[in-house]
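Chains as they are written, first to last, in the numbering used here: chain A, 1128 to 1227; chain B, 8 to 350; chain C, 165 to 341.
Built from N, CA and C at the ideal position, the CB exists for glycine as well.
Taking it in order: structure first as structure tokens, then the write-up.
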């Protein structure tokens, strides 16, 4: 039987993979995808706790997380398109005008 | 070997049976489409191959299998091979939760009754919806990986059409859920049993608008006329499957027909009462199911060869500006009716 | 019982391997498809955790709608120029190695921290599973405000996305200058 610790370690690993992607990749689309990986790790944690604590709140909060992730992906991708029209690259290092 | 109980063997048997029946239904659809199209156009259709042309699908399959498999040099090899697999796999998987008969013990051979479907999931309607949305990827990847203008345009248009009509599809499903109170398709069919001649409790009478929305959205989802602009020969050569030949093309072809069968089967289960019907005992209910699905498939073919094709902007406007508000109104009215009448 | 554990490892392996490939490999279209694979693995895990409704919702919304959006944008931006989009992982190999080591350290630290607590000795025996009507009632009673707020959030996101990516901005810029 898979215990709670199994699920928590799995979501920890997924979260780390997502964080590594956000911090290390130089392609804006991959950064957004890594953010989705992190959100999914959090969803897994919620559902695991919801199951092992016997509460439906885990599943309900996951609905909201999925909705927020959808909204954020939409706006993020719209930003990427708008930026791409200015400078035809997907490398976030190219947008440095506001650096101090 | 103790897990190979008679019930498990029966389940496996049903699985194989459903798979083979789906493949044969695709072959049968090929024949029916050509014959019905021919008669609507006042000509004969296939008559040479076999008696009344009945072996024509076999000839078509042999022809497709013997053709050379061509892949454009600049096409992405992994995605090019993956796209027809995704299309065909999702088409078959969506049918897994459709029940085609009441629980049966196969004339007493089994101890416990076995439901006549591949899997009885209690979120069955959402399963169909989920797998159908996965089918969009087969089309998008086919168009993208072919690395050709016609394919990409056809794929983008087709997938945009599919995801637009999925909304009305889902709302019509939601209205049926409100009436039935369960998401399992078997539960919905059982909620329609009884009544006068086993016909009067069909959801078709309670939800005529819903049925219209569901069938229209289903026709648009499966990219059939009058919503088949993305595959239109005159405009886009062949849309997203321009560059495909031989068995890959056969997989797309197969996927389209099986999607049609699935939509017809779901419509028959949700609105036309599934295996309920007058004059036949319950264990013969699958005959009624076949009759209803057959009628809806005939309706599909009839629509294709009668109505002219919608232009793409007309198609999208119809989906977003007419069908979606209508389906929301349908859902609201259904919910209000259930609250008021306590059905 | 062991069957449950085998399925857990299978789905967990799918989720982790595909997520790793999303981050590591360079073609954005493959990344999107691999992330869909990761969602499938996670949906399997949700079914193991007695949440089939969330599993199908995850596939419908996340894998079926959000990823289609990603795929469209990737195709739209890739179309004019192939070379500029295919980016390398990082500029130098040294950064990559250090990044991988730090990621491993972070993962180990999280695993240590998460298994520290004593209250984690919960088993799943006798846990109730929730049917869809129960979830629905809870959602629309206790969480009704949050539900309405997310619908406004989605409206705002829609308006924002259209404004940001809309063609009317491009036209004004060109005619202005």
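Neighbours of residue 186 of chain B across chain C, judged by C-beta separation under 8 Å, do not exist; the nearest C-beta is about 14 Å away. Linking residue 187 of chain C to residue 1162 of chain A through their CA atoms gives a straight-line distance of about 11 Å. Closest option to residue 1137 of chain A, judged by alpha-carbon separation, among C:235, C:217, C:271, C:258: C:271. Counting along the chain, residue 67 of chain B sits inside the alpha helix (DSSP H) bounded by residues 63-73. About 39 Å separates the Cβ atoms of residue 345 of chain B and residue 43 of chain B, ruling out a contact at the 8 Å cut-off. Within the region 209-220 of chain C, the residues whose Cβ lies closer than 7 Å to any Cβ of chain B are, in chain order, 216, 217, 220. The C-beta of residue 297 of chain C comes no closer than 9 Å to any C-beta of chain A. At least one C-beta of chain B is nearer than 9 Å to the C-beta of residue 232 of chain C.
Listed along chain A are 1187, each with a C-beta nearer than 7 Å to that of residue 307 of chain C. For residue 1223 of chain A, no Cβ of chain C is located within less than 9 Å of the residue's own Cβ. For residue 1217 of chain A, the secondary structure class from DSSP, reduced to helix, strand or coil, is coil. Here residue 311 of chain B is buried. Its C-beta has 16 or more other C-beta atoms within 10 Å.
For residue 236 of chain C, the closest Cβ of chain B is nearer than 9 Å.
For residue 302 of chain C and residue 276 of chain B, the gap between their C-alpha atoms comes out near 30 Å.
At a cut-off of 9 Å between C-beta atoms, residue 105 of chain B does not count as an interface residue with respect to chain C.
Counted as a single uninterrupted DSSP element, the alpha helix (DSSP H) harbouring residue 311 of chain B occupies residues 292-311.
The beta carbon of residue 1160 of chain A sits closer than 8 Å to the beta carbons of 1148 from its chain, once the five residues preceding and following it are set aside; these are given in chain order.
Of the residues B:143, B:321, B:88, the one whose Cα lies closest to the Cα of residue 153 of chain B is B:88. Contacts with chain C (Cβ-Cβ distance below 8 Å) from the region 1133-1155 of chain A involve 1133, 1134, 1135, 1136, 1137, 1139, 1140, 1141, 1142, 1143, 1144, 1145, 1146, 1147, 1148, 1150, 1151, 1152, 1153, 1154, listed in chain order. The residues 164, 236, in chain order, have a CB closer than 7 Å to that of residue 319 of chain B in the same chain once the five nearest residues on each side in sequence are set aside.
Annotation for residue 242 of chain C: the continuous alpha helix (DSSP H) segment containing it runs 231-242. The shortest CA-to-CA distance from residue 178 of chain C to any of C:208, C:316, C:273 is the one to C:208. Not flagged as an interface residue toward chain C: residue 1169 of chain A, since no C-beta distance is shorter than 9 Å. In the three-state reduction of the DSSP assignment, residue 1178 of chain A falls in the helix class, which pools H, G and I. Put simply, the CB of residue 197 of chain C is near chain B, with a gap under 9 Å to one of its CB atoms.
For the set B:228, B:74, B:92, B:335, the Cα lying nearest the Cα of residue 214 of chain B is the one of B:335.
Proximity to residue 55 of chain B across B:47, B:65, B:131 peaks at B:65, based on C-alpha coordinates. Residue contact check for residue 227 of chain C against chain B: a CB pair falls below 9 Å. Apart from the 5 residues on each side of it in sequence, residue 1172 of chain A sits with its Cβ closer than 6 Å to the Cβ of 1138 in its chain, given in chain order.
Distance from the CA of residue 186 of chain B to the CA of residue 337 of chain B, rounded to the nearest whole angstrom, comes to 12 Å. By the C-beta criterion, the region 258-270 of chain B is judged not to be in contact with the region 190-206 of chain B, since fewer than 3 inter-stretch pairs fall below 8 Å. The C-alpha of residue 29 of chain B lies about 13 Å from the C-alpha of residue 304 of chain B. Under the three-state reduction of DSSP, residue 1133 of chain A is assigned to helix.
Here residue 132 of chain B is buried, its C-beta having at least 16 other C-beta atoms within 10 Å. Around the beta carbon of residue 284 of chain B, 16 or more other beta carbons sit within 10 angstroms, so the residue counts as buried. One alpha carbon belongs to residue 176 of chain C, the other to residue 73 of chain B, and they sit about 42 Å apart.
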